[in-house]
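>
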Amino acid sequence: MGLTQHPGDRDPETCLTELLEQARIAESSGFEGLFVGEHHFTDDIYFDNFQTLARLAAEFDGDVRVGTSVCLLPLHNPALVAERVATLDVISGGNVVFGAAAGYRDAEFDTVGVDKAERAGRVTEGVEILRALWSEDDVSYDGDHYAFEDVTLRPRPVQESGPPIWLGGSAPSAVRRAAALGDAWLIDPVSPVSKLKKAVGLYERELTEEPSCRPIRRDVYVAETTEKAIDTAAPYILDKFDSLSEWGIIDDDGEDLSRRERFERVSEGRYLIGTPDEVVADLESLNETLGVDHLVARVQWPGMDHERAVDAIDLLGEEVIPRVADL
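Going letter by letter, the sequence shown gives residues 900 to 1226 in the numbering used here.
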């Protein structure tokens, strides 16, 4: 199980201090990975993922993995990404996971001057460039979006052939791309299980070899009672759901429902909210239904107090992780 750090909505110094404290608590609670996502030009604070991960990696000895969940690869020159990931792999002692996806927010593409229509091709070429630069000298590449000659990357990653690449996305084209190019498909945090069953079937058909693992991102909150878990998490999750709906990646029919009724409707098959027993049962179901064996858990959303996130991290470590470690 890994913990993904969500951006904050307070001052940057406080956000960073809380992020580091949550990471330390997660590491001591048995989480095996710490992940940071990427967005730009939003009201919330998203720290640069690579610099943040370097700071986290410097905190820990041992086998705690650090990873991007996810890097929006089309927004970057992949040769520079290859260098940054390789450097991070050295800092972490060979414990990097590189998660990447195509992105979806128009504002991000428009601001950096990348045509959003090119994102799929840029992901494909980007992955090809990463793998080549991580393992070969004097690399030349001539693609539709990137071209260079005789480039050798230094430093190289510690991991032979480079860190594992987890590719995200739930569209059929993204699933096929993950099967063809990725070491794993990182299942997105918002698609309901009913939709994911079909996507998993497509992924299985497209695979040519067994993936390194089967990870999923989910929003998770655990408390001593079901009511406490829902009362704590629901307001923030619904606000996040509304943001995703505004960004165009979730359909919301806008029914006239109470907040509690709406939460129950949107959470079905999406969120892991409840007691330790309920969350363990949900994880066992995900393992049986979708075959997932790694969870990247988000336990805090904009507006939620740091202490409430810490409570969930502690309880996951005490009563959930030991019971699902062998899934």
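All C-beta atoms in this analysis are idealised placements derived from N, C-alpha and C, irrespective of residue type, glycine included.
Name the DSSP bridge partner or partners of V1165?
DSSP output for V1165 lists no bridge partner at all.
> With a 10 Å radius around its C-beta and 16 neighbouring C-beta atoms as the bar for buried, classify R1159 as buried or exposed.
The residue in question, R1159, is exposed, as its Cβ has fewer than 16 Cβ neighbours within 10 Å.
> Taking the DSSP output, what are the residues bridged to H1193?
Answer is P1114, bridged to H1193.
> May I have the straight-line CA-CA distance separating T986 from A957, to the nearest angstrom?
Roughly 12 Å separates the two Cα atoms.
> Figure out for me which residue from S968, E931 and E1183 has the closest Cα to the Cα of I1086.
Out of S968, E931 and E1183, S968 has the C-alpha closest to the C-alpha of I1086.
> Could I get the ranges of all uninterrupted alpha helix (DSSP H) runs contained in the segment 1050-1101, with 4 residues as the minimum, in chain order?
Complete alpha helix (DSSP H) runs here, min 4: 1071-1080.
> Taking all protein chains shown into account, decide if A922 is buried (16 or more other Cβ within 10 angstroms of its Cβ) or exposed.
Classification of A922: buried, given that the 10 Å Cβ count is 16 or more.
> Is it buried or exposed for P1221, if we count other Cβ within 10 angstroms and need 16 for buried?
It counts as exposed.
> With burial defined as no fewer than 16 other Cβ atoms inside 10 Å of the residue's Cβ, what is the status of D1181: buried or exposed?
Buried, by the Cβ-count rule.
> If you count every other CB in all the chains shown that lies within 10 Å of the CB of S1093, and 16 or more means buried, which is it?
With fewer than 16 other Cβ atoms within 10 Å, it is exposed.
> State the Cα-Cα distance for the pair P973 and K1015, rounded to the nearest angstrom.
Computed Cα separation, rounded: 8 Å.
> Quick check on the burial criterion: 16 or more other C-beta atoms within 10 angstroms. Buried or exposed for V1011?
It is exposed - the Cβ of V1011 has fewer than 16 other Cβ atoms within 10 Å.
> State the DSSP-derived secondary structure class of R964, mapped to helix, strand or coil.
R964 falls in the strand class under three-state DSSP.
> Quickly, what does DSSP pair F934 with across the bridge? List them, please.
DSSP output for F934 lists T903 and G966 as bridge partner(s).
> Starting from I944, follow the alpha helix (DSSP H) in both directions and report where the run begins and ends.
Note, I944: premise wrong, no alpha helix (DSSP H); not H, not E.
> Looking at P1054: is its Cβ nearer than 8 Å to the Cβ of V996?
No, they are not a contact pair.
> Output needed for S1034: all residues of its chain with C-beta closer than 7 Å, excluding positions within five of it in sequence on either side, in chain order.
S1060 and G1061.
> Among E1183, A1196 and L1214, which residue has its Cα nearest to the Cα of D1225?
Nearest option by C-alpha distance: E1183.
> Which of the three DSSP states is assigned to V1038 in this structure?
V1038 falls in the strand class under three-state DSSP.
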